[in-house]
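Peer 1: Taking the numbering used here, the leading residue of the sequence shown gets 291, the next gets one more, and so forth.
Glycine included, C-beta positions come from ideal geometry on N, C-alpha and C.
Can you keep this structure in mind? I'll have questions shortly.
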Amino acid sequence: MAGIQWKPEPNAITTPKSYKITYVPRAVVGYEELAAQISASNPNYNQQLVMSILKAMTEAIKRNLLEGNQVTLAEGFTYRLSFKGKLNQPTDPLPDDENLLHVRVYASRPFTLDIRRQAEYERKPAELKVPVIAAAEDTRTGLNNVLNPEGVLRLSGSNLSFDQNSSETGCVIAGTESGSIKQSRFGMISNALVLMMPDIPEQSNPWNKEYTLSLSTRYTKHGSLRTTVFSERLRAPLAVDPNDIISNGILTGSADSPYVRVSAASISGDTARTRIQVILNRQSGHLLFNLLDMEKNGKAGPAVTMTGNGTCTLAGYSGSPVSSVDIVVENFQGLSELLLNSYADRMVDILDITPSS
């Protein structure tokens, strides 16, 4: 029996440094492959018959879920539905939210224990030499994972050096919604450090300020092209006008509509810069919002907990140019999933707030 493949990967969010044990699938198996395996073990059932039964089983499970039933296969899997949302009153109708209903699949305990008992493991060999981006810092603000058009982006890591005059090698910043630019303004390129003034591509909507960064290089003249994608998402500052529905979206990835909007703000002066933080509590599923100053590990305003879509007011911190910011959470589920899947439960946006008269 082939073993279960795994490999160690750096865990960038732990101090001191640690490594994740990452499962590596050997292949993706679908109806056709499963049917062939079952037919080979049971010669009385041809592959096409087995495949049709497997597909019919999937449809039967879907039909039962739509009828409000839970499907439990003994010592196998349980299929059930769940809701994500809240009602202000018990008599309220269900919210009109495409993310309201979820399908959950759980492996039974006997199934899981049997897998654990029989499992054999295979460690994948060490990876080939590749560029590794350990951190990306905006030197003007000193903040990590910030794309500042007025600053210098510092990439630190190993094996980063590349030929900036080559058409194939270099550094690319790409929007998660649209747009990409190969970078051209470098102050330093070495194996351990790259300094550049970032050219930031425009995306379709003002709230689409999420970006990825990739770096490609060759270590010898005729060597293969090696490319790495930085594990963290980068975010550019947002110009926010609370009174303008086009430019008041924040804390969003590539979505066509913002997950959160700024509905009002009280500031000193015509424009004020602050940061807003959101943290996902995995145990409770709640989101915590608060304002931060522009210093790493600096001052923070009091946190406000949100359990679903709705409005809240965030107070400023001591000495803040922003007294308060009112926000509207419009897609709680989408923001929660973005935090879980792409941000290790924490996201921060820089807001340049300019309320219109």
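I believe I479 touches G447 by the beta-carbon criterion, under 8 Å. Please report the beta-carbon distance rounded to the nearest angstrom.
Peer 2: No, I479 and G447 are not in contact; Cβ-Cβ is about 12 Å, not under 8 Å.
Peer 1: First and last residue of the alpha helix (DSSP H) that includes G624?
Peer 2: F622 to S632
Peer 1: If contacts are defined as beta-carbon pairs under 8 Å, then L483 and D642 qualify, I think. What distance do you get, rounded to the angstrom?
Peer 2: No, L483 and D642 are not in contact; Cβ-Cβ is about 29 Å, not under 8 Å.
Peer 1: Using the rule of at least 16 other Cβ atoms within 10 Å of the residue's Cβ for burial, across every protein chain shown, is C602 buried or exposed?
Peer 2: Looking at its Cβ environment, which holds fewer than 16 other Cβ atoms inside 10 Å, C602 is exposed.
Peer 1: Please work out which residues of its chain come closer than 6 Å, Cβ to Cβ, to T595, disregarding the five sequence neighbours upstream and downstream, and give them in chain order.
Peer 2: H576 and L578
Peer 1: From S494 to Q408, what distance separates their C-alpha atoms?
Peer 2: Distance between the alpha carbons of S494 and Q408: 50 Å.
Peer 1: Check each candidate in R394, K376, L356 and L390 and name the one with the smallest Cα separation from R370.
Peer 2: R394
Peer 1: Which residues mark the beginning and the end of the alpha helix (DSSP H) in which S331 is found?
Peer 2: Y321 to S331
Peer 1: Looking at the secondary structure, which residues open and close the alpha helix (DSSP H) in which S342 lies?
Peer 2: Annotation: the continuous alpha helix (DSSP H) that includes S342 extends over Q337 to L356.
Peer 1: Using a Cβ-Cβ cut-off of 7 Å (strictly less than) and excluding sequence neighbours within five positions of G366, which residues of its own chain qualify?
Peer 2: S398 and F401
Peer 1: With respect to the beta strand (DSSP E) encompassing I294, which residues constitute its N-terminal and C-terminal limits?
Peer 2: Per DSSP, the continuous beta strand (DSSP E) segment holding I294 begins and ends at I294 to N301.
Peer 1: Runs of 4 residues minimum, wholly inside the segment 366-444: which ones carry the alpha helix (DSSP H) assignment?
Peer 2: 399-408
Peer 1: By a C-beta neighbour count over all protein chains shown, 10 Å radius and 16 as the cutoff for buried, is S610 buried or exposed?
Peer 2: Counting every other CB atom within 10 Å of its CB across the protein chains shown gives S610 a total of 16 or more, marking it as buried.
Peer 1: Which of helix, strand or coil does DSSP assign to N538?
Peer 2: It is coil, neither helix nor strand.
Peer 1: Taking the Cβ atom as the reference point for each residue, do R670 and I463 lie within a distance shorter than 8 Å?
Peer 2: Past the boundaries of the shown model lies residue 670; the chain is included only from 291 to 647, so the question cannot be answered.
Peer 1: Can you look up A482 in the DSSP assignment and give me helix, strand or coil?
Peer 2: coil
Peer 1: Could you check whether the segment 609-628 touches the segment 548-559, counting it as contact only if at least three pairs of C-beta atoms, one from each stretch, sit closer than 8 Å?
Peer 2: yes
Peer 1: What does the alpha-carbon distance come out to for the pair I557 and K352?
Peer 2: 52 Å
Peer 1: Using a Cβ-Cβ cut-off of 7 Å (strictly less than) and excluding sequence neighbours within five positions of V340, which residues of its own chain qualify?
Peer 2: A325, I328 and S329
Peer 1: With distance defined between alpha-carbon atoms, name the residue in Q360, L515, E349 and D489 nearest to I439.
Peer 2: With the sequence shown as reference, residue 439 is identified as Pro, and Ile is not the correct amino acid for it. Checking every option, the nearest Cα to that of P439 belongs to D489.
Peer 1: Apply the 10 Å Cβ neighbour rule to E467 and answer buried if 16 or more other Cβ atoms are within range, or exposed otherwise.
Peer 2: buried
Peer 1: Just the Cα atoms here: how many angstroms apart are Y411 and S308?
Peer 2: 20 Å
Peer 1: Would you kindly check if the distance between the Cβ of L503 and the Cβ of A426 is under 8 Å?
Peer 2: yes
Peer 1: Please work out which residues of its chain come closer than 6 Å, Cβ to Cβ, to L445, disregarding the five sequence neighbours upstream and downstream, and give them in chain order.
Peer 2: I423, A426 and V484
Peer 1: Given M637, which residues of its chain have a CB within under 7 Å of its CB, disregarding the five upstream and five downstream residues?
Peer 2: L541, V568 and L629
Peer 1: Under 8 Å by Cβ, that's how I've got T429 and D560 pegged, so tell me the actual separation to the nearest angstrom.
Peer 2: Not really, about 27 Å apart at Cβ, beyond 8 Å.
Peer 1: Pull up the CB-CB distance for R516 and P421, whole angstroms please, since I reckon it's below 8 Å.
Peer 2: 6 Å
Peer 1: Would you give the residue range spanned by the beta strand (DSSP E) that V612 belongs to?
Peer 2: V612 to V619
Peer 1: In angstroms with no decimal places, state the Cα-to-Cα distance between G432 and G588.
Peer 2: 12 Å
Peer 1: Tell me which residues share the same chain as T459 and place their Cβ nearer than 8 Å to its Cβ, disregarding the 5 neighbours each side in the sequence.
Peer 2: F452, D453, S506, T507, R508 and L515
Peer 1: How would you label P300, buried or exposed, when you count the other beta carbons within 10 angstroms and need 16 or more for buried?
Peer 2: exposed
Peer 1: For N631, count the other beta carbons within 10 Å of its own beta carbon; 16 or more makes it buried, fewer makes it exposed. Which is it?
Peer 2: By the 10 Å Cβ count, N631 comes out exposed.
Peer 1: Quick check: the Cα distance between A593 and R525, rounded to an integer number of angstroms?
Peer 2: 22 Å
Peer 1: From the DSSP output, which residues share a beta bridge with F520?
Peer 2: The partner list for F520 (beta bridge, DSSP) is empty, contrary to what the question assumes.
Peer 1: In the DSSP assignment, find the beta strand (DSSP E) that holds N580 and state where it starts and stops.
Peer 2: L577 to L582
Peer 1: Please classify L363: does DSSP put it in a helix, a strand, or coil?
Peer 2: coil
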